[in-house]
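Chemist: Let me begin by handing over the structure; questions about it come next.
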């Protein structure tokens, strides 16, 4: 295992169980893998339903720019008959890694700071 390897896997810890000290991280199966391995990204949960992964840095040798503006969205409660898979969301205006993100007004994501050629703009999605 390369210590600098970017990962596309998702892990889950059930902290709601009665045995918190005995809980263990579980790697989720293939449908939960991200489209792009990344590091330095941000993750937020919107409306207790949508897991949103934004930006980050692509692994060396990737066909994309090293710093990403891409967004992936996972519906944690899909409609009947739908499968749980990552969907491409709208890209951020700037490539960003090592940045902050939060939710405001229930369904808006605000990102700020980070790194991409030293720019420091604020975005609201």
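Residue numbers (the numbering used here): 880 to 1004.
No residue lacks a Cβ here, since even glycine has one placed at the ideal position from N, Cα and C.
Being a predicted model, the structure only gives us computed values, none of them experimental.
1. Would residue 889 and residue 924 qualify as a contact pair, given that the criterion is a beta-carbon distance under 9 Å?
2. Restricting to runs no shorter than 3 residues, where is the beta strand (DSSP E) found entirely within the region 918–965?
3. If we count the other Cβ atoms within 10 Å of its Cβ and call it buried at 16 or more, is residue 904 buried or exposed?
4. Between residue 991 and residue 978, how many whole angstroms is the CB-CB distance? I'm expecting something under 8 Å.
5. Quick check: what's the CA-CA separation for residue 955 versus residue 910?
6. CB residue 946 to CB residue 960, shorter than 9 Å?
7. Using alpha carbons as the reference points, say which of 962, 974 and 886 lies closest to residue 949.
Modeler: The structure says:
1. Position 10 of the chain shown, counting from 1, holds the residue named residue 889. Position 45 of the chain shown, counting from 1, holds the residue named residue 924. Contact: no.
2. 921–925, 929–933 and 950–954
3. Indexing the chain shown from 1 puts residue 904 at position 25. Looking at its Cβ environment, which holds fewer than 16 other Cβ atoms inside 10 Å, residue 904 is exposed.
4. The count along the chain shown starts at 1 and reaches residue 991 at position 112. The count along the chain shown starts at 1 and reaches residue 978 at position 99. Confirmed, Cβ separation roughly 7 Å.
5. Here residue 955 refers to the residue found at position 76 of the chain shown. Here residue 910 refers to the residue found at position 31 of the chain shown. So the alpha carbons of these two residues sit roughly 12 Å apart.
6. To locate residue 946, count along the chain shown from 1; it is residue 67. To locate residue 960, count along the chain shown from 1; it is residue 81. No, they are not a contact pair.
7. Counted from its first residue, the chain shown places residue 949 at position 70. Among 962, 974 and 886, the Cα nearest to that of residue 949 belongs to 974.
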